[in-house]
Amino acid sequence: MPTSKVFLFARARADQRLADFVQWFARDYPAALRAAQAPLQRFVLNICDVVPTFRIAPFIARGGAARPAYDVCAELWFAGDPGSDWHTTCLDGLGARAEHVHGYRVDEKVLYAPAAGTPVDIKFMALGRWQDHLTDAEGRRYWTEHARLVPRIHVGVNQYVQNWVTAGTAPDCPTVTGIAELHFASVQSLGEDFYVSAEGQEEIRRDVSRFTKSATTLCVREQVILASAG
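Residues 1 to 230 (the working numbering) are what the sequence shown spells out, left to right.
Structure representation (C-alpha cells):
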C-alpha cells in the first residue's frame, strides 16, 4: 500500500517548558493520532537543538537568531491516503501547546540512501520557496537536477531526501515548495563535512539560487518514535 507523508513544524508556547513539549510530542501525540484512527505507519520526531561548528557555514542559515524558527519537526507517514481532512487530524491538540504550527503534505523522494547500519540521525533541513518566476514543475526540475551536486560537494551526507510540497495545513502557513533533508552521521560531520571546500559552497549557492527565492534552515537530531512495520 502506498504511503502519504506529512511534516509538522512547531514552536512551543512561551509558558511551555521545551522538555515537556518534546515529551508530549514523543509520547502523547502519536497515541492521540492512533486514538483518532489515523493510519499512522511511521513517526519521526526531530528536535531542533543541534548547534554545529561549521568549518564552512551554509550560505542559507538562520544567522544569529537566539532560537530557531521551530522547536520540533514531526514527520508522519500514513498508510494510504489520510483523507481530505488530514490537516484537522494532524493539528488536533496542538493549539493548546504550540505558539505556532505549520504543516505540509509532501511527495517524498529518497535520492541517496545510506548503507545498512550507517547513522543518519543528525540532519540539516531547508524549507525552500521557488523563485517567483518559476512554475512548480520548473522548480522541481531544477531541484532534481541539483541533486547531482550533493555527493560531490556535501561530502558528509549519507542520506539525501527531497520532499515536494503538495499542500499546506492552513492559508496562513508560510509558502514552502520543497523541504530538503541532508542526513549526517554526527554533529561533528555536519560541521566539518557540509561542504568539501569554499569553491563547493559557491557552486551550491549559484545552483540553488537558480530556483530558490528563500529558505528557512534547521539543524536537528531525529528520534524514531514509531518505526515502519518490517
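The C-beta atom is built at its ideal place from N, Cα and C for all residues, glycine as well. Note that the coordinates shown come from a computational prediction; the quantities given were computed from them, not determined experimentally.
Thinking C-alpha only, which one of the options is nearest residue i?
{"i": "Pro68", "options": "Arg55, Ser214, Asp49, Pro114", "result": "Asp49"}
{"i": "Leu182", "options": "Ser228, Gly139, Ala126", "result": "Ala126"}
{"i": "Ala10", "options": "Val44, Ser4, Gly103, Trp86", "result": "Gly103"}
{"i": "Gly178", "options": "Arg105, Leu190, Trp86, Leu45", "result": "Arg105"}
{"i": "Ala60", "options": "Phe7, Val208, Trp24", "result": "Correcting the residue type first, residue 60 is Ile in the shown sequence and not Ala. Considering only alpha carbons, the answer is Val208."}
{"i": "Pro30", "options": "Leu40, Phe21, Thr216", "result": "Leu40"}
{"i": "Val22", "options": "Pro2, Leu33, Ala98, Val51", "result": "Ala98"}
{"i": "Phe43", "options": "Val157, Pro58, Leu76", "result": "Leu76"}
{"i": "Ala116", "options": "Gln159, Asp71, Ala14, Ala180", "result": "Gln159"}
{"i": "Cys73", "options": "Arg141, Thr175, Ala12, Gly80", "result": "Ala12"}
{"i": "Gln188", "options": "Arg206, Gly156, Ser214, Ala180", "result": "Gly156"}
{"i": "Arg210", "options": "Leu94, Phe124, Gln131, Val176", "result": "Gln131"}
{"i": "Lys109", "options": "Leu94, Trp143, Asp85, Gly95", "result": "Trp143"}
{"i": "Ser214", "options": "Ser228, Arg221, Pro174", "result": "Pro174"}
{"i": "Ala147", "options": "Ile204, Ala26, His100, Leu134", "result": "Ile204"}
{"i": "Pro58", "options": "Asp20, Arg206, Ser228, Ala36", "result": "Arg206"}
Mapping the DSSP letters down to three states, classify residue i as helix, strand or coil.
{"i": "Ser214", "result": "strand"}
{"i": "Gln188", "result": "helix"}
{"i": "Ile153", "result": "helix"}
{"i": "Gln162", "result": "strand"}
{"i": "Ala227", "result": "coil"}
{"i": "Tyr142", "result": "helix"}
{"i": "Ala38", "result": "coil"}
{"i": "Ala98", "result": "strand"}
{"i": "Phe124", "result": "strand"}
{"i": "His133", "result": "coil"}
{"i": "Arg67", "result": "coil"}
{"i": "Val55", "result": "Checking the displayed sequence, the identity of residue 55 turns out to be Arg instead of Val. Coil."}
{"i": "Ala167", "result": "strand"}
{"i": "Tyr112", "result": "strand"}
{"i": "Ala200", "result": "The identity of residue 200 in the sequence shown is Gly, whereas the question assumes Ala. Helix."}
{"i": "Arg27", "result": "helix"}
{"i": "Arg205", "result": "helix"}
Residue i and residue j look like a contact to me (Cβ under 8 angstroms); what is the Cβ gap, rounded to whole Å?
{"i": "Ile47", "j": "Gln223", "result": "7 angstroms"}
{"i": "Leu111", "j": "Gln162", "result": "6 angstroms"}
{"i": "Arg258", "j": "Thr212", "result": "Limits of the chain in this structure are 1 at one end and 230 at the other, which puts residue 258 out of reach."}
{"i": "Phe54", "j": "Gly200", "result": "Actually they are not in contact, since the Cβ atoms of Phe54 and Gly200 sit about 13 angstroms apart, beyond 8 angstroms."}
{"i": "Ile225", "j": "Leu8", "result": "At roughly 13 angstroms, the Cβ-Cβ gap does not stay under 8 angstroms, so Ile225 and Leu8 are not in contact."}
Per DSSP, which residues does residue i bridge with? Please list them.
{"i": "Ser4", "result": "Phe78"}
{"i": "His183", "result": "Lys123, Gln159"}
{"i": "Cys73", "result": "Phe9, Asn46"}
{"i": "Val106", "result": "Lys5, Val165"}
{"i": "Arg148", "result": "DSSP lists no partner for Arg148."}
{"i": "Arg221", "result": "Ile47, Ile122"}
The ligand SAH heavy atoms versus the CB of residue i: any closer than 7 angstroms?
{"i": "Val44", "result": "Only the bare structure without any ligand can be found here, which leaves the ligand SAH out of the picture."}
Quick test of the definition: if touching needs 3 or more C-beta pairs under 8 angstroms, does the stretch 112 to 120 touch the stretch 173 to 189? The answer is yes - the stretch 173 to 189 touches the stretch 112 to 120, with three or more Cβ pairs under 8 angstroms.
Determine, using beta-carbon pairs with one atom in the stretch 146 to 154 and one in the stretch 195 to 203, whether at least three such pairs fall under 8 angstroms. Pairwise C-beta distances place the stretch 146 to 154 in contact with the stretch 195 to 203, as three or more of them are shorter than 8 angstroms.
Touch check for the stretch 158 to 169 and the stretch 86 to 105: three-plus C-beta pairs under 8 angstroms? Contact between the stretch 158 to 169 and the stretch 86 to 105 is present, with at least three C-beta pairs closer than 8 angstroms.
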